[in-house]
Structures are given as C-alpha cells and as structure tokens.
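Novice:
There are 2 protein chains.
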Amino acid sequence: MPEPKKAKGTLTIYDVATRAGVSIASVSRVLNGLGTPRAETRERVLKAVHELSFVRDGSARALSNGLKEVVGVVFRRGDEALFEDEYESFLYIDVINRGIETESQRRGFDVLMSSVAFNDENALQRLTAMAGKTDGLVLHDRMLSAVGIARVASIVPVVTLAGSPTPESMNVRCDNESGMRALVRHLVVDHHYRSVAYLSGRGDSPDNRARARIFEAEVAAAGADMQTGPAWHGNYSAAGGAAVVASLLDAGTALPRAIVCASDQTAIGAMHALAQRGIRVPQDVAITGFDDVPVARHLRPPLTTVRQPMQELGAKAFEVLYSRINGADGAREIVLPVQLVVRESCGCPRSASTVASRGSLVGKEG
Amino acid sequence: MPEPKKAKGTLTIYDVATRAGVSIASVSRVLNGLGTPRAETRERVLKAVHELSFVRDGSARALSNGLKEVVGVVFRRGDEALFEDEYESFLYIDVINRGIETESQRRGFDVLMSSVAFNDENALQRLTAMAGKTDGLVLHDRMLSAVGIARVASIVPVVTLAGSPTPESMNVRCDNESGMRALVRHLVVDHHYRSVAYLSGRGDSPDNRARARIFEAEVAAAGADMQTGPAWHGNYSAAGGAAVVASLLDAGTALPRAIVCASDQTAIGAMHALAQRGIRVPQDVAITGFDDVPVARHLRPPLTTVRQPMQELGAKAFEVLYSRINGADGAREIVLPVQLVVRESCGCPRSASTVASRGSLVGKEG
DNA sequence: TAGGGTCCTGTAAGCGCTTACCGGTAAGCG
DNA sequence: CGCTTACCGGTAAGCGCTTACAGGACCCTA
C-alpha cells in the first residue's frame, strides 16, 4: 500500500503566489483581509485562488495562529442493545449539540464530535487526543470523573453541561431547582392538592437527587402530605414510570392527588399505566413531567411540564467556551432559566394552557 | 482584549524532552512507537509525558504527517420553524452520523460536523473552509450541486450519501429499488391485490422518482391496476399523507386495495386519515411504509415496510472515505442491501411478522 | 536635487511536530 | 587490539501558513 503521507496534488499558498506573480505574504494578506494591498494585487491573488480553487490548509493555519477554530463535544452513546426503546431519551443530546453547532458557526468555528460508549475504558485517552485537535471541549453530563476533567482541562478550556464547575472547568446548566419549585407550588398552592408524590429518576443521578430535595422542601413548606419510599423509584424511562404506578396499584396503595414525574418519559409511562386501570388524569390524579419533549403537548391530556432551553444551553456553552478561548475570564457557572409550561395534566382548564405557556418565566440567570 | 494568539502555557515536545533529558526526536519516537528506543529512554519519556500531562498538538502533527485524522460530515439543519413537526424526519440523519462516528473512532479519526440551513447562501464557502480542516468529507443527501461537489472534491476526497457518484466523488446508498420491488411483489403477487397506488414523496426528490418508477414497472409487470396522478402526490410528511387520503376520500374516489407510501411518516398519516373514516387496515386497504422508523412496529396494525440500514450506511461511508484517504482506489459506488420487513399492515397474519422480519434479505452489495 | 514620508511588497523566521540522516558508542570478530 | 557492524539518539530540515521587519518605489517639500 502506498504511504498515506502527503497527497500528491496538494496546492499551497506558494502555487497561488507563483500563479499570481506575487509573494506568499501578499497571498496570505489578501486571504486574511489584512494590510492594504493594491487593488491590482488583490485581484490577481483572488483570480489565482479562484482558478486553482485553492483552500488554505487548516492545520498549517492553526499551527501558525495558535487557534484551530475547532471545539470538541463529547457525549454518551447508547449501547446498541437499548437503542430501540431508549433512543428518545438520547434525543435531547442532539438538540443541545445542534445549539453548540449553530452558535459555533457564527464564530467560524467547527465542531468535533465524539461519543463515548457506556463501558468505554480508554475514553480518557481518546478525549485527550481529541483535545489536542481542538481549542476547547464541551463535555455532556457526567462524561468524566473530576480527575478526568482536571486532566483534559490542563490541555484546553473545558465547559461541562448540567454538572457543576470545578477549579479547572466551567459549567452551564438549567435552573431546574426553580422549575421544580414552581411546579410543586402550582400543584399544592394553586391547585390545593394536599397529597403528592415524586416519581423519581435514576437514583444515582445528582440531577434527580436535587429535584427530589427541592420537591420535598416545597411540599413540606406548603404543609401538604407526601408519599415517598423505594416504591416511588423510577429510572427516567417510560417503562419505569409505568412499572412504578402498576406495582403501587397492585399493592393496593391509595394514590396521591398529584404525581410529579422526574421526566416526561416517566410521565408518559405513568399516564399509560393509569389509563389501563381506568384512572382519569387529571380528574383523579394529576400528573406532571419534566423536560417538555416535543410529544408532551400531544398527549391526552397535554402534559404540564418544565421546559429546559436545550438548544440555548448548547449555544451558551459554546459562547462561554469561546470567550474563554479568547482569554476572557468570565463566570465559571451559567444558570439558564427554565419555563413552567402549564397544560392540562395538572388539572388546569384547556384555555389556560396557551396563556401560561407563554409568560411564566421562572428562574434567574447567574 | 488580549490577543487570542498563542496561549501562554502551551507545552511542547521540547518541554518533555528537556524534562526527560533526551532529544525531541526521542520523545516523538516513543510517542509514536517507532524505532527501538532503549527501555530506559522510553520510560523517562513516558514519565515526563505523564508528569506534565502532555498531549501532542493535533495541527502540528497534521501538518507534519499530511494527515489530520479528521473527516467532515455535512447535513441539513431544519429551520427553526418546522422544528416541531418535522423533527422526526431529521432523526435518521443522526442515526447515520452515529454510524460514521462510531466507525471513524475505530480508525482513530474524529468527526467534524457541520449543518447547513435550507437557505444558507454561503454554504459552499463554509464547506470549503471546513474541507481545509479535514482529510475527507461525507455529504448527506443533496447538500450541494454537482459543481459544488466538484469544487470541494478538488480539495479533499468526497463521498455522498444516497445520491449518485460523480467523476470526482464516491457515493453510498441503499438498494431502495430492490426494496420497492420486493414490497410491490409481496402485495401484488403474494397477496394478489389487483389495484394499488403509490402515495409519493416530494416530487423533486430523485429518490422518490426512482421509487415511483420501480413501483410502476413492477405493478405493470404483474398486470395489476394502478391509480396515479397529482392526487397521489405527498411530501414525505405525515400531514401530507393524511391530506392526500382525506382529499381522495372527499372526492369520492374509490381507494385501491393497497397503498404503498413513500415513507413511514406518510404511512402514519395515511393510516390516521383512514381510521378517521372508519376504513380498516389491512382488511379494507393495505398500507406499507418505507424506512422502518422505530415506531413502525408499534403502530396499529404494525407497519409492513422496508428497512434501510442507516447506521451501516454511515459506517460504510466512512470506510470508503478512509480507504480513499489512504490512497486506495476502490469502488466509486456502494449499494447496501435493504430488508423487507413484513408485519401486519399489508394483510399478513401476526405470526408471519417475526419470521419474515428476520430472514428475508433483499438486494445486493455492489 | 536631496531628504523624508507613505505605501506596498517581499524575505525570512517560527508555530510544534515527524523523520531522514549522520555520528558516537559498544559489541563482535579476526 | 584494531576494525567492522549494529544500534541508538541527536541535529536539522521541512510540513503550509502568518507576520515582523526591512527594503523599494513614489511623492512631496525645501
């Protein structure tokens, strides 16, 4: 096999210079819009560039400029096994990535994407190699341990998503606390529901634990009753939500007036299980979700939930990284406001949904 | 604002060499596993690398090696406007990309992603700049005109997806012709349906035109009746499929025994419209889809369709590109086999579905 | 006409890495 | 004991680009 070394036909700035009858410096200046070249020089360079359809080599520019104009994004890849059912739960990753990508285009950056499997041993090694090809890294939720983060952060700036800042890295997240708080208040204060429960997500998720904490605090503050315990532990999936409700019902437990689900997926499962037993939502039991996935509005009844600005989250992550790459030393943590989206599954009448889903902004930007 | 020029703390191979008390050549050799360094030299280098947590700069390596170990992927981005409803139809893009990414990891490559909006004027400019940062490009369906392709292909190797090869570029696609052929035969030969129709996709899609052509040829060959005309023009979306069926019904048209839909989305819409009029599937009208999206199996009745190996399509695209990058001069077109997935919407009994969805491979690899 | 600006353009250094080439050292052999 | 051979490791060139610096051409003024 022939050596993969330099492709034969690679054009360089020298070829352009020769053809235009100028020096490489002039070519470079024209291409970068620097200096004040004579109109004629400019045109000759442009003409040569066009005729040869010359494109500057990115690595050479990067080496010379000390700027690659590339950021890396690292995210989880679902195993093949759970592809079918769990796919939807990975969807939000793509939405966030889209946000990163769109924003980076505005700055002339490109995005290097790398997924890591759940059981990927040498992820760290791959990531460090990848870091060497970028100006900065965006790490999705819980991609790396704290020491892993410190390691890559010593190579390039790092911003994590939905985590927390470390001495070396920055973080961007949504203000889920406020979202949960608004949700619970809506149920126990606005609707006067006196008994509620939190159908949780995976127990090992810090996000889930934070939500549970807020939930409990708010319910207690309002003096409402609360059902808790292992019977209420879900896992963020629809199947998990359905299983929890089904087994509660099988055990003869009296359901609370309202169930706050850890995610929309969970809510979908719960609603499904309730429907099977003929229990009406929201008349008998109110249900709420979290995330506002696209189908949430099309459920019967339409799901009351909390919308996280995923695309904006990605955009913000890039923005923060970008300013850091440029040497600015901004906030180490950004918190984006979330929005309580009131539809009908909480017991609100249909007319209310449109109104409330607009205005009611909840949260703060930090 | 401080110059974005060279970050202060950047470690280089010189730092490692100094710390290890060897020359940069030795460091490089150890890092690349070349030559036969003495064990002691090796260890000292490795120790220094580890202590400094040194990572080689990607651009410098790329410049020196003539190989960036990066491929670019370009795909359509939905406008914000049609995000909600059309999102699902963009899903397959992410599946393909996942295939590209996974395969490229195996070769130590990373993937540079760039989306282009529908109305993006200077897409070509962005893409050429991006090409300069990569060793090769994968272009999703109809991203660029033929001249656009020629332009970028003069910079780096290019493989297109679901298109056709050009003198400068390669192509990877699924054998939809065979899929359509198998589907139509299943309906007119196995089921003996004597009247059929093709509910088309967007008229400007070559893919759609090819499917229509095969459809007509097969139906004619089997001597069955065929309904055609503008009334049968859909647009790949569920709404489009529903609209076509509804207006047909409104016009009092007698529906054919079977309707072949251009996509699963279309089939979903069509089935919805039929259900609203109380027309039973498959007893009154058989319906088939195309694509085998994840929900297809969960519809009522489960949808008979043609599965395209999306992930594999991506993987193959990378593979082809990779060997081309390495100078190999392989096939300019790869055609992947598709699979007829027989479920119940065609009129087959439930039991048949499992069996047929396994074995029946249709198509050839070219 | 000489001196001093202004503009523009070219020369060359250097970005961090790989690697061809060469020189030094040690081992093997007559 | 001197010379060949093998083996390592260092020096330096070069990848394609940007840009500091310097030089040339031209115009203006005294």
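The listed protein sequences derive, respectively, from chains A and B. Per our numbering, numbering through the first sequence is continuous, rising by one, with the last residue being 366. Per our numbering, numbering through the second sequence is continuous, rising by one, with the last residue being 1366. Positions of the beta carbon are idealized from the N, C-alpha and C atoms, including for glycine. On a predicted model such as this, the values are computed, not experimentally measured, just so you know.
Classify serine 1145 of chain B as helix, strand or coil using the three-state DSSP reduction.
Specialist: Note: serine 1145 of chain B maps to coil in three-state DSSP.
Novice: Taking the alpha-carbon of threonine 1018 of chain B as reference, which of B:Ala1039, B:Leu1034, B:Leu1046 and B:Val1156 has the nearest alpha-carbon?
Specialist: The option with the nearest alpha carbon to threonine 1018 of chain B is B:Leu1046.
Novice: According to the Cβ coordinates, are isoleucine 1093 of chain B and phenylalanine 1075 of chain B closer than 8 Å?
Specialist: Their beta carbons are under 8 Å apart, which means isoleucine 1093 of chain B touches phenylalanine 1075 of chain B by this criterion.
Novice: Can you confirm whether leucine 139 of chain A, when its beta carbon is compared against all beta carbons of chain B, has any partner nearer than 8 Å?
Specialist: Chain B, which has no Cβ nearer than 8 Å to the Cβ of leucine 139 of chain A, makes this no.
Novice: If you drop the 5 nearest sequence neighbours on each side, which residues of the same chain put their C-beta closer than 7 Å to that of tyrosine 1014 of chain B?
Specialist: Ile1024.
Novice: If you pair each beta-carbon of the stretch 191-208 of chain A with each one of the stretch 331-340 of chain A, do three or more pairs fall below 8 Å?
Specialist: The answer is no - the stretch 331-340 of chain A does not touch the stretch 191-208 of chain A, with fewer than three Cβ pairs under 8 Å.
Novice: Can you tell me whether threonine 1305 of chain B is buried or exposed? The criterion is at least 16 other CB atoms within 10 Å of its CB, across all chains shown.
Specialist: Result: buried.
Novice: I'd like the list of long-range same chain contacts for arginine 1042 of chain B, defined as Cβ closer than 6 Å, with 5 residues on each side in sequence excluded.
Specialist: Hits under 6 Å: Val1030.
Novice: Determine whether the beta carbon atoms of methionine 1180 of chain B and phenylalanine 1215 of chain B lie at a separation below 8 Å.
Specialist: Going by C-beta atoms, methionine 1180 of chain B is nearer than 8 Å to phenylalanine 1215 of chain B.
Novice: Assuming alanine 182 of chain A and leucine 299 of chain A make a contact with CB atoms under 8 Å, what is their CB distance in whole Å?
Specialist: Actually they do not touch by this definition, with Cβ atoms about 20 Å apart.
Novice: Should serine 237 of chain A be flagged as near chain B, meaning a C-beta pair shorter than 8 Å?
Specialist: With 8 Å as the cut-off, serine 237 of chain A does not count as an interface residue toward chain B.
Novice: When Cβ atoms are compared, which residues of the stretch 1140-1165 of chain B fall closer than 7 Å to chain A?
Specialist: Listed by position, the residues of the stretch 1140-1165 of chain B near chain A (Cβ gap below 7 Å) are Arg1151, Ser1154 and Ile1155.
Novice: Report buried or exposed for alanine 1220 of chain B, applying the criterion of at least 16 other Cβ atoms within 10 angstroms of its Cβ.
Specialist: The residue is exposed, with fewer than 16 neighbouring Cβ atoms inside 10 Å.
Novice: Measuring alpha carbon to alpha carbon, tell me which residue in A:Ser164, A:Asp207 and A:Val152 is nearest asparagine 176 of chain A.
Specialist: Asparagine 176 of chain A has its Cα closest to that of A:Asp207, out of A:Ser164, A:Asp207 and A:Val152.
Novice: Taking only the alpha-carbon atoms, compute the straight-line gap between proline 1349 of chain B and histidine 1186 of chain B and give it to the nearest angstrom.
Specialist: Their backbone Cα atoms lie some 14 Å apart in a straight line.
Novice: For alanine 62 of chain A, would you say it is in contact with chain B, using Cβ-to-Cβ distances shorter than 8 Å as the test?
Specialist: Judged by the 8 Å Cβ criterion, alanine 62 of chain A is in contact with chain B.
Novice: Does DSSP put threonine 128 of chain A in a helix, a strand or coil?
Specialist: Threonine 128 of chain A: helix per DSSP, three-state reduction.
Novice: Classify threonine 1160 of chain B: buried if its beta carbon has 16 or more other beta carbons within 10 angstroms, exposed otherwise.
Specialist: That one is buried.
Novice: Whether or not the stretch 1267-1285 of chain B and the stretch 1233-1250 of chain B are in contact is what I'm after, with contact meaning three or more pairs of Cβ atoms, one per stretch, closer than 8 Å; do they touch?
Specialist: Because the criterion of three Cβ pairs below 8 Å is met, the stretch 1233-1250 of chain B and the stretch 1267-1285 of chain B touch.
Novice: Quick one: what's asparagine 1171 of chain B bridged to in DSSP?
Specialist: In DSSP, asparagine 1171 of chain B forms a bridge with B:Thr1160 and B:Glu1333.
Novice: In angstroms, rounded to a whole number, what distance separates the CA positions of histidine 140 of chain A and proline 165 of chain A?
Specialist: Each residue's alpha carbon lies about 13 Å from the other.
Novice: Who are the neighbours of alanine 1212 of chain B on chain A, taking C-beta pairs under 9 Å?
Specialist: The contacting residues do not exist; alanine 1212 of chain B stays about 30 Å from chain A at best.
Novice: Three or more C-beta pairs under 8 Å: does that hold for the stretch 1098-1118 of chain B against the stretch 1066-1075 of chain B?
Specialist: Taking 8 Å as the limit for Cβ pairs, the verdict is that the stretch 1066-1075 of chain B does touch the stretch 1098-1118 of chain B.
Novice: Check each residue of the stretch 105-130 of chain A: if its Cβ is closer than 8 Å to any Cβ of chain B, include it; give the result in chain order.
Specialist: Residues Gln105, Gly108, Asp110, Val111, Leu112, Met113, Ser114, Ser115, Arg126, Thr128, Ala129 and Met130.
Novice: Helix, strand or coil: which one does DSSP assign to serine 200 of chain A?
Specialist: The answer is strand: DSSP assigns serine 200 of chain A an E or B state.
Novice: Since methionine 1170 of chain B contacts alanine 1197 of chain B with CB under 8 Å, what's their CB separation in whole angstroms?
Specialist: That pair is no contact at about 36 Å.
Novice: Any beta-carbon of chain B closer than 8 Å to the one on glycine 240 of chain A?
Specialist: Not an interface residue.
Novice: Does the beta carbon of serine 1028 of chain B sit closer than 8 Å to a beta carbon anywhere in chain A?
Specialist: It does not; no Cβ of chain A falls within 8 Å.
Novice: Measuring alpha carbon to alpha carbon, tell me which residue in A:Pro167, A:Leu255 and A:Ala162 is nearest valine 147 of chain A.
Specialist: When only C-alpha atoms are compared, the closest one is A:Pro167.
Novice: Would the beta-carbon of lysine 68 of chain A fall within 8 Å of that of alanine 62 of chain A?
Specialist: Yes. Within cutoff.
Novice: Closest by CA to glycine 1347 of chain B, which one among B:Ser1053, B:Ser1323 and B:Arg1280?
Specialist: If we check each option's Cα against that of glycine 1347 of chain B, B:Arg1280 comes out closest.
Novice: Nearest CA to the CA of glycine 163 of chain A: which residue from A:Ala123, A:Val156, A:Val138 and A:Ser178?
Specialist: It is A:Val138 whose Cα lies nearest to the Cα of glycine 163 of chain A.
Novice: Would you give the residue range spanned by the beta strand (DSSP E) that arginine 77 of chain A belongs to?
Specialist: Counting along the chain, the beta strand (DSSP E) containing arginine 77 of chain A begins and ends at 70-77.
Novice: Using a Cβ cut-off of 8 Å (strictly closer), state whether serine 53 of chain A contacts chain B.
Specialist: Closer than 8 Å to some Cβ of chain B, the Cβ of serine 53 of chain A qualifies, so yes.
Novice: Find out if the Cβ-Cβ distance for the pair serine 114 of chain A, methionine 130 of chain A is shorter than 8 Å.
Specialist: Their beta carbons are under 8 Å apart, which means serine 114 of chain A touches methionine 130 of chain A by this criterion.
Novice: Kindly indicate which three-state DSSP category glycine 1289 of chain B falls into: helix, strand or coil?
Specialist: It is coil, neither helix nor strand.
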